[in-house]
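Throughout the sequence shown, residue numbering follows the UniProt record's numbering, covering 1 to 203 in sequence.
Just so you know, even glycine gets a beta-carbon here, dropped at the ideal spot from N, CA and C.
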Amino acid sequence: MVEYVYGLDRRVPLLPDEPGGAPPELPRALDLACGEGRHALWLATHGWHVDAVDFSQVGIDKGRTVAARLSRSVRSRVDWRCADITDLATAGLTGPYELILMVFVHLPAAQRGALLRELAGMLSPGGLLLVLGHDSRNLTDGYGGPQDPAILFTPEDVRAELGDADLTIRVADAVLRPTEGPDAIDALVVAERNRPESGEASA
1 MVEYVYGLDR RVPLLPDEPG GAPPELPRAL DLACGEGRHA LWLATHGWHV DAVDFSQVGI
61 DKGRTVAARL SRSVRSRVDW RCADITDLAT AGLTGPYELI LMVFVHLPAA QRGALLRELA
121 GMLSPGGLLL VLGHDSRNLT DGYGGPQDPA ILFTPEDVRA ELGDADLTIR VADAVLRPTE
181 GPDAIDALVV AERNRPESGE ASA
């Protein structure tokens, strides 16, 4: 989903602006509940430095095993961390990030809202927060996924939980995902951190 929808490899150039110039600083991404690192490794191969975080050491170890088959430069761009994603400060993760992925992270509403607001504050100006998970409607109209309605959500839930965060919502939709059975229904939200006005930046 991440790679073919958003073209994140094209957001930041990997080459210097001028011949002989220094390469641009790598953009930073945070991949929450990274699992075995599919998204983190894709981003790393496209020039991003990624903090990949998961509570499961097994998942982290599998990600490192896959990364070991890649080039040293790609491996060096992923910082694997086994940590509680609801306690990012303790893990030393404070940002700023140009991209934060919260993909199939399912928490009770109060925890989810608190985490979303924390993540919004960790974005750099112009940075993207991408939230993707099983939609509440998947229980009745979709297929698979968690069966506990307390941890499912809709795009409208995420929009409300972000509240008055300094973000512009770019996408807030239910999207269909093919499975071995009927299509699953996912909730997708992409929000961008607002850039300061020119007067604010120079003040």
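Where residue i falls: helix, strand or coil (DSSP)
| i | result |
| --- | --- |
| Val105 | coil |
| Glu25 | coil |
| Ser124 | strand |
| Ala203 | Model confidence at Ala203 stands at a pLDDT of 46, short of 50, so the residue's coordinates are unreliable; what they give is reported in the following sentence. In the structure shown, Ala203 sits in coil (DSSP, three-state: anything other than H, G, I, E or B). |
| Thr90 | coil |
| Glu156 | helix |
| Leu15 | Residue confidence for Leu15 is low, a pLDDT of 47 falling below 50, so the modelled location carries little weight and cannot support an answer. |
| Ala114 | helix |
| residue 254 | Missing from the structure shown is residue 254; the chain here goes from 1 to 203 and no further. |
| Glu98 | strand |
| Ala33 | coil |
| Tyr4 | Residue placement at Tyr4 cannot be trusted, given a pLDDT of 40 that sits under 50; the coordinates are not used to answer. |
| Leu183 | In the sequence under discussion, the amino acid at residue 183 is Asp, which differs from the Leu named in the question. Coil, per DSSP. |
| Asp9 | In this predicted model, Asp9 has a pLDDT of only 48, less than 50, meaning its place in the structure is not dependable; the value taken from the coordinates is given anyway. Of the three classes helix, strand and coil, the one that applies to Asp9 here is helix, per DSSP. |
Sequence-distant residues of its chain with Cβ nearer than 6 Å to residue i (five each side left out)
| i | result |
| --- | --- |
| Leu14 | Low confidence applies to Leu14: its pLDDT is 48, below 50, so where it sits in the model is not reliable, and the reading given next is rough at best. If we look at Leu14 and ignore the five residues flanking it on each side, its Cβ neighbours are Gly47. |
| Ala172 | Pro155, Arg159, Val189 |
| Ala170 | Checking the sequence shown, residue 170 turns out to be Arg, not Ala. If we look at Arg170 and ignore the five residues flanking it on each side, its Cβ neighbours are Val190, Glu192. |
| residue 226 | What the structure shows of the chain is the stretch from 1 to 203, and residue 226 is not part of that stretch, so it cannot be assessed. |
| Gly142 | Ala184, Ile185 |
Close-in-space but distant-in-sequence residues of the same chain around residue i (CB under 7 Å, 5 per side omitted)
| i | result |
| --- | --- |
| Ala44 | Val50, Val74, Arg77, Val78 |
| His39 | Val2, Asp31, Leu101, Val103 |
Beta-carbon spacing of residue i, residue j below 8 Å
| i | j | result |
| --- | --- | --- |
| Ala109 | Ala165 | no |
| Gly133 | Thr179 | no |
| Leu70 | Leu41 | yes |
Counterpart residues of residue i in DSSP-defined beta bridges
| i | result |
| --- | --- |
| His49 | Arg28 |
| Glu192 | Leu128, Thr168 |
| Val66 | Note: Val66 sits in no beta bridge, so no partner. |
| Val78 | Val50 |
| Asp135 | Phe153 |
| Ile85 | Beta-bridge pairing links Ile85 to no other residue. |
Nearest-angstrom beta carbon gap, residue j and residue i [assumed within contact, 8 Å]
| i | j | result |
| --- | --- | --- |
| Arg112 | Phe153 | 7 Å |
| Leu123 | Tyr97 | 6 Å |
| Leu93 | Val53 | 7 Å |
| Ile151 | Leu88 | Actually they are not in contact, since the Cβ atoms of Ile151 and Leu88 sit about 19 Å apart, beyond 8 Å. |
Contacting residues, own chain, Cβ-Cβ under 8 Å from residue i (five flanking each side not counted)
| i | result |
| --- | --- |
| Ala174 | Asp135, Arg137, Thr154, Pro155, Ile185, Asp186, Ala187, Leu188 |
| Phe55 | Ala33, Cys82, Ala83, Asp84, Ile85 |
| Val58 | none |
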